[in-house]
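Trainee: Note that numbering that gives the first Met the number 0 has the sequence shown beginning at 0, numbered continuously upward.
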Amino acid sequence: MLLFPHAKINLGLNVVRKRTDGFHDIETVMVPIPLTDALEVIRDGSVPNGEAHYDRTGLQIPGTKEEDLCFKAFRAISKVKAIPGIRMHLHKSIPLGGGLGGGSSDGAHALSAINTCIGAGLANEQLAELSLDLGSDCPSFLHHGIQLSTGRGEVLRTIDLDLSGLWLLLVNPSVHVPTTEVYHNTRPSGRSVDLERELIDHPLEEWRSRAPNMMEEYVAVRYPEVGAALKKMEELGAPHFAMSGSGATIFGLFRERPRKMDWPADHRTWLLRL
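1. What is the DSSP secondary structure of GLU262, reduced to helix, strand or coil?
2. DSSP state of ARG86, grouped into three classes?
3. Could you tell me the distance, in whole angstroms, from the CA atom of LEU229 to the CA atom of PRO238?
4. What would DSSP say about GLU205, mapped onto helix, strand or coil?
5. If the criterion is Cβ atoms closer than 7 Å, does the pair VAL176 and GLY244 meet it?
6. Inspect the beta-carbon positions of MET214 and ASN13 and report whether they are closer than 7 Å.
7. Mind listing, in chain order, the continuous beta strand (DSSP E) runs of no fewer than 3 residues lying wholly within the region 37–111?
8. Taking the CB atoms as reference points, tell me whether LEU38 and LEU2 lie closer together than 7 Å.
9. Rounded to a whole number of angstroms, what is the C-alpha to C-alpha distance between ASP159 and LEU273?
10. Mind checking ALA219: buried by the 16 CB within 10 Å criterion, or exposed?
11. Distance, Cα to Cα, HIS88 vs LEU168?
12. Grouping DSSP H, G and I as helix and E and B as strand, with all else coil, what is ALA241?
13. Under 7 Å, do ASP105 and LEU68 count as touching if we go by C-beta distance?
14. Compute the Euclidean distance between the alpha carbons of GLY134 and GLY189, then round it to the nearest angstrom.
15. Is the Cβ-Cβ distance between ASP36 and LYS71 less than 7 Å?
16. By DSSP, does SER130 sit in helix, in strand, or in coil?
17. In whole angstroms, what separates the C-alpha of PRO202 from that of GLY96?
18. Taking the Cβ atom as the reference point for each residue, do ALA75 and LEU141 lie within a distance shorter than 7 Å?
19. For GLY98, does the count of other Cβ atoms within 10 angstroms reach 16, so buried, or fall short, so exposed?
20. What three-state label does DSSP hand ARG267 in the structure shown?
21. Return the residue from the list ALA227, LEU198 and ALA107 that minimises the CA-CA distance to PRO4.
22. Could you have a look at HIS183 and say whether DSSP puts it in helix, strand or coil?
23. For VAL15 and SER103, I'd like the C-alpha separation in whole angstroms.
24. In the DSSP assignment, find the alpha helix (DSSP H) that holds ILE199 and state where it starts and stops.
25. Consult DSSP for LEU229 and reduce its assignment to one of helix, strand or coil.
26. Could you tell me how far apart the beta carbons of VAL30 and LEU162 are, in whole angstroms, since I believe they sit closer than 8 Å?
27. Between the beta-carbon of GLY100 and the beta-carbon of ALA6, is there less than 7 Å?
28. Excluding sequence positions up to five away, which residues of its chain have a Cβ less than 6 Å from the Cβ of GLY84?
29. Measure the CB-CB distance between PHE250 and ILE8 and report whether it falls below 7 Å.
30. Quick check: the Cα distance between GLU255 and GLU153, rounded to an integer number of angstroms?
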């Protein structure tokens with residue numbers, strides 16, 4: 000079975016409060032984008048029951064395979080279902096630590112692929128519960144469409160926001176921004192924001208002021224490459240631009256194909272059509 004775990008961008012990110020369990024309540028809109036990894040999961044009779052042979056290619060993933068979210072997905076399902084021997088292969092294209100949710104998407108799609116491949120019969124709600132142990136934003140990758148994400152990221156609702164036809168320019172400054180560091184240095188707002196209405200009821204040009212990413216201010220200063228990339232995106236004339244998630248990737252949304260811009264040699268860029 001071959002799946003293509005997709006990346007996401009965040010439209011607005013409001014850190015509401017820190018919870019007693021150590022997580023944060025947030026509000027954000029998660030937009031799936033056509034930048035993907037590739038994940039293959041197959042049953043393999045040469046692999047002993049209850050085991051998985053897992054290979055990775057593409058971008059280097061730090062840590063051991065056992066620490067990888069795809070392998071953790073295998074372990075999560077094996078705790079609730081008997082699993083025959085399987086083989087998994089991940090080709091990594093989405094940058095890690097980039098605020099695009101690539102690792103979380105891989106983990107969520109691995110749960111779905113293993114569930115289907117072995118005929119485990121787990122409902123989507125059960126997969127979402129398992130995925131929450133992999134990462135707070137994992138459940139969103141089990142849903143289709145643009146999602147309003149609240150709670151610690153697991154409370155999801157599809158919203159009617161049409162971005163079709165817009166151009167999306169992604170720029171990754173090739174710096175790793177630790178999510179825990181960003182949360183630690185972002186002061187919660189203490190209030191709720193109606194992101195759905197701010198985005199749907201107002202033009203693209205007003206989104207940056209009406210639906211900001213609260214984490215951007217800290218990251219842009221702590222990591223000057225991010226701040227410089229945001230400035231260049233503004234100079235490029237993006238009607239809306241922001242940092243995605245906890246960074247370091249920034250994005251711009253355009254109604255027309257943006258003109259070519261020279262970025263530093265170590266910056267990775269993608270131009271996509273939504």
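For each residue, glycine too, the CB sits at the ideal point set by N, CA and C.
Since this is a predicted model, take the numbers as computed values, not measurements.
Mentor: Reading from the atomic positions:
1. The question names Glu, yet the displayed sequence has Trp at residue 262. Three-state DSSP puts TRP262 in coil, outside helix and strand.
2. Looking at ARG86 - three-state DSSP - the assignment turns out to be strand.
3. Approximately 13 Å, taken between the alpha carbons.
4. Three-state result, GLU205: helix.
5. Not a contact, by the Cβ cut-off of 7 Å.
6. It is not a contact, given that the beta carbons lie outside the stated cut-off.
7. Taking only runs of at least 3 residues, the beta strand (DSSP E) segments lying wholly in the region 37–111 are 37–42, 51–57 and 85–91.
8. Taking 7 Å as the cut-off, the Cβ atoms of LEU38 and LEU2 count as close.
9. For ASP159 and LEU273, the distance between alpha carbons rounds to 15 Å.
10. Sixteen is the threshold: when 16 or more other Cβ atoms of the shown chains lie within 10 Å of the Cβ of ALA219, as they do, the residue is buried.
11. Counting only the Cα atoms, LEU168 lies some 28 Å from HIS88.
12. Strand.
13. Against a cut-off of 7 Å, the Cβ pair of LEU68 and ASP105 comes out as a contact.
14. For GLY134 and GLY189, the distance between alpha carbons rounds to 23 Å.
15. Pairing ASP36 with LYS71 gives a Cβ-Cβ distance that is not under 7 Å.
16. In the structure shown, SER130 sits in a helix (DSSP, three-state: H, G or I).
17. For the pair PRO202 and GLY96, the Cα-to-Cα distance works out to about 30 Å.
18. Not in contact: ALA75 and LEU141 (Cβ atoms no closer than 7 Å).
19. It is buried - the Cβ of GLY98 has at least 16 other Cβ atoms within 10 Å.
20. Strand.
21. In terms of Cα proximity to PRO4, the closest of ALA227, LEU198 and ALA107 is ALA107.
22. Here HIS183 sits in helix by DSSP.
23. Rounded to the nearest whole angstrom, the CA to CA distance from VAL15 to SER103 is 22 Å.
24. For ILE199, the uninterrupted alpha helix (DSSP H) run begins and ends at 194–199, by DSSP.
25. In the structure shown, LEU229 sits in a helix (DSSP, three-state: H, G or I).
26. Confirmed, Cβ separation roughly 7 Å.
27. At a Cβ-Cβ threshold of 7 Å, GLY100 and ALA6 count as neighbours.
28. Correct list, in chain order: ASP43, VAL46, PRO47, ASN48 and GLU50.
29. A contact, by the Cβ cut-off of 7 Å.
30. Cα to Cα, GLU255 sits roughly 34 Å from GLU153.
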